[in-house]
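In what follows, a single structure is set out as structure tokens and then discussed.
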Amino acid sequence: MKWIFSLCFAAAPAFAETCPPVRDISAQISQIIAQLGSAVGQAEADILGQELWALWTDAPDEQAQVMLNEGMSRRASYDFLGSRNVLDRLIEYCPDYAEGYNQRAFTNFLGQDFEAALLDLDRALAILPTHVAALSGKALTLMGLGRNEEAQEVLQSALDLNPWLQERALLTQPIGTDL
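For what it's worth, the working numbering labels the leading residue of the sequence shown as 174, then goes sequentially.
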């Protein structure tokens, strides 16, 4: 019986793994957002948007990257429950990684669980306030909840950062006007 306890203690570090600190990408994001403000066309803006996605989806370590990729892959094949389960594990492992919350929010949004999506989007934005995709996702989620006035304010905030978002077509006021 003693050997079982010894074995458990020896294995404990493997179960106690923690996510490494999340890399601070705010300076790179600010630089890309500045470039988006002066982009001369949709093609240039799309390239900059891809650069943002590359930063957001660069997980803190290989284990987190595998979970993020699996969660997104499961969602793409409409396995929303499987996606949510994997993303739950990612968030448990890396609670300071904004993209984990953003991706779980997208999964919940597609499953029409708008309340859960909104909670995750708020958490992602608390970690990374300039996460343009989380802002636009929050606007869409608020629309799904029928909270259209609030959605318009959040959408305007997203468009202030990236005026090239496709969601700009959902804005009821011209870009740059007070709502």
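A virtual CB, placed ideally from N, CA and C, is assigned to each residue, including glycine.
Here the structure is a predicted model, which is why all the values come from computation and not from measurement.
For residue i, the three-state DSSP class (helix, strand or coil)
{"i": "residue 206", "result": "helix"}
{"i": "residue 238", "result": "helix"}
{"i": "residue 361", "result": "It is not possible to answer for residue 361, since the shown part of the chain is limited to 174 through 352."}
{"i": "residue 335", "result": "coil"}
{"i": "residue 318", "result": "coil"}
{"i": "residue 301", "result": "coil"}
{"i": "residue 325", "result": "helix"}
{"i": "residue 181", "result": "Its pLDDT being 40, under 50, residue 181 is placed unreliably in this model, and the value from its coordinates should be taken loosely. The answer is helix: DSSP assigns residue 181 an H, G or I state."}
{"i": "residue 190", "result": "coil"}
{"i": "residue 344", "result": "coil"}
{"i": "residue 176", "result": "Unreliable positioning characterises residue 176 in this predicted model, as indicated by a pLDDT of 42, which lies under 50. A coordinate reading is not provided."}
{"i": "residue 351", "result": "Bear in mind that a pLDDT of 49 at residue 351, under 50, signals an unreliable position, so the number given afterwards is only what the model happens to contain. Coil, per DSSP."}
{"i": "residue 230", "result": "coil"}
{"i": "residue 289", "result": "helix"}
Cβ pair residue i, residue j closer than 8 Å
{"i": "residue 311", "j": "residue 291", "result": "yes"}
{"i": "residue 263", "j": "residue 245", "result": "no"}
{"i": "residue 285", "j": "residue 260", "result": "no"}
{"i": "residue 274", "j": "residue 293", "result": "yes"}
{"i": "residue 324", "j": "residue 316", "result": "yes"}
{"i": "residue 334", "j": "residue 303", "result": "yes"}
{"i": "residue 337", "j": "residue 212", "result": "yes"}
{"i": "residue 280", "j": "residue 296", "result": "no"}
{"i": "residue 340", "j": "residue 313", "result": "yes"}
Closer than 7 Å: residue i CB and nearest the ligand SAH heavy atom
{"i": "residue 264", "result": "This structure does not include the ligand SAH; it has no bound ligands of any sort."}
For residue j and residue i, believed in contact at Cβ under 8 Å, the rounded distance
{"i": "residue 248", "j": "residue 221", "result": "Their Cβ separation, rounded to whole angstroms, is 24 Å, which puts residue 248 and residue 221 out of contact at 8 Å."}
{"i": "residue 305", "j": "residue 225", "result": "7 Å"}
{"i": "residue 278", "j": "residue 301", "result": "The pair is not a contact, with the Cβ atoms about 13 Å apart (cut-off 8 Å)."}
{"i": "residue 237", "j": "residue 192", "result": "6 Å"}
Chain D within 8 Å of residue i, Cβ atoms only
{"i": "residue 325", "result": "Absent here is chain D; the protein component of the structure consists of one chain."}
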